[in-house]
Amino acid sequence: MGCIYRPGKNYWIKYYRNGKPYTESTHSDKLEVAKRSLRIREGEISQGKMPGICFEKVKFGELLDDYVTDYKINGKKTLLRAEGCVSLLKEEFGNMKAIDIDTPAIKRYVERRQSRELANGTINRELAAIKRAFNLAARCTPPRVAHVPYIPMLKERNVRKGFIEQEAYQALKEALPEYLKPVLTFAYFSGWRRSEILGLTWSQVNLRDGIVRLEPGDPKNDERRTLYLEPELKELMEHLYRSRPMNCLYVFHLEGKRCGDFRRSWNTACNQIGIPGLLFHDLRRSAVRNMVRAGIPERVAMTISGHKTRNIFDRYNITSQDDLREAAQKRHEFSQLQAGRLHFSYILPQKAQKVTALKAVTS
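Going by my numbering, the sequence shown opens with residue 317, and the numbers climb by one from there.
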């Protein structure tokens, strides 16, 4: 049983759940308000629910901390990206109570992000982090939130079509810092994801046979992959191995430590060569297209790059303006060839055909 008492101006209520006492102010000097508040709390407890006061004290920043912890204990390789997203969300919502974050608050946040001309895909990644943080809190024992707010996602029509040609690749290689040049080269030839490249260790490299193996565990691809090194990549890996710090596990590193977020250096180099907005992921698209152009069977190219679904692979096998011009020229040549054959058939002499008259047979 609960009770109502008045230590000062306002009434307070006291109730129990599993033998644990809870007290809270009604923020009112009216007895009826206190009675109603007590009935609500006792009703929640009788239904096996946590008292609402437990949820009212939870800050959204705490949920974001739990979200990052989940990434760490599960060894997710996109931890750096998650931490960057959490840092941004804490600036917006960190001091707010979790119960105060509802759909209208989410929509206002989306409007602010769109006013900065951010892509819908970028905003959706942030919304997905919010949704994941709430879902983790709801699954806790005891739960940390009473409910998960509805979070509408945006439509993503901005499918990337960026890729990098050989000349731009060479220019970018010159503009990047020394520690990023090997990362660029490996990405351009292999088509591997950034997280796969930066996480590559020497235990996965067989220099004698010229093989690099990617072990299962990547968030987007849980199958083992094997990359046979072409001469330029093998020469690069041999150089990196000879010059590596003895205590460094990673193939690509910065002063012996795994490379972190290098977007600032990347953007600076891209601006320097006159290609602002180029993404590191565009190297993946370029590698896929180059493999297909080189005549590598598409199934083999998918195995090398780690694409599991055909639709994503086809999206990455981008057609450039030069491809379109070459296609137009090939169509023209084919049409001319067909027209020549048709014209030749017109001028061939017609052979006289013998006509045999059929006689009617009468019985």
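Note that CB positions come from ideal geometry on N, CA and C, so glycine has one too.
Query: Cα-Cα separation, C575 to G335; Result: 52 Å
Query: Test item: CB-CB of V567 and T517 under 8 Å; Result: yes
Query: Host beta strand (DSSP E) of W328 (start-end); Result: 328-333
Query: Residue from Y338, K373, A610 whose Cα sits closest to the Cα of L505; Result: Checking the sequence, you will find Phe at residue 505 rather than Leu. Of Y338, K373, A610, the residue nearest in Cα terms is A610.
Query: Cβ-based neighbour list, E358, same chain, cut-off 7 Å, excluding 5 preceding and 5 following; Result: G318, Y331
Query: Beta-bridge partners of N522, as assigned by DSSP; Result: I527
Query: N- and C-terminal bounds of the alpha helix (DSSP H) containing I356; Result: 347-362
Query: Contact the region 487-507 vs the region 579-592: 3+ CB pairs below 8 Å; Result: yes
Query: Contact the region 556-573 vs the region 506-525: 3+ CB pairs below 8 Å; Result: yes
Query: Helix, strand or coil at T457 [DSSP, three-state]; Result: coil
Query: Local conformation of E571 per DSSP, three classes; Result: coil
Query: Beta-carbon gap between L395 and K406 smaller than 8 Å; Result: no
Query: Given 8 Å, three or more beta-carbon pairs between the region 401-419 and the region 443-451; Result: yes
Query: Integer-rounded CB distance, given that D382 should sit under 8 Å from F479; Result: The Cβ separation is near 39 Å, so there is no contact.
Query: Alpha-carbon spacing of K573 relative to K423, whole angstroms; Result: 40 Å
Query: Residues sharing a beta bridge with C319, DSSP; Result: K330
Query: Three-state secondary structure assigned by DSSP to P465; Result: coil
Query: Environment of E546 [buried if 16+ CB atoms lie within 10 Å]; Result: exposed
Query: Best match in T339, R333, L347 for proximity to K325 [C-alpha to C-alpha]; Result: L347
Query: C-beta contact flag for K413 and V374 at 8 Å; Result: yes
Query: Straight-line gap, R322 to A435 (C-alpha atoms, nearest Å); Result: 54 Å
Query: Bounding residues of the beta strand (DSSP E) (the contiguous stretch that carries Y566); Result: It is not in any beta strand (DSSP E) - Y566 carries neither H nor E in the DSSP assignment.
Query: Endpoints, beta strand (DSSP E) assigned at E340; Result: 336-341
Query: Selected residue, minimal CA-CA separation from A453, among P532, V521, E554, L380; Result: L380
Query: Cα-Cα separation between I680 and Y485, rounded to whole angstroms; Result: For the chain, the structure presents residues 317 to 679; residue 680 sits outside this window and is missing.
Query: Beta-carbon separation (whole angstroms), L543 vs I620, contact threshold 8 Å; Result: 6 Å
Query: Segment limits, beta strand (DSSP E) that includes L395; Result: Careful: L395 lies outside any beta strand (DSSP E), inside the alpha helix (DSSP H) at 395-409.
Query: Assigned secondary structure, L730 (DSSP; H/G/I helix, E/B strand, else coil); Result: Residue 730 is absent from the structure shown; the chain starts at 317 and stops at 679.
Query: Delimiting residues of the alpha helix (DSSP H) encompassing M562; Result: No alpha helix (DSSP H) contains M562, which DSSP labels as neither H nor E.
Query: Among I417, R455, S353, nearest to L443 - alpha-carbon criterion; Result: I417
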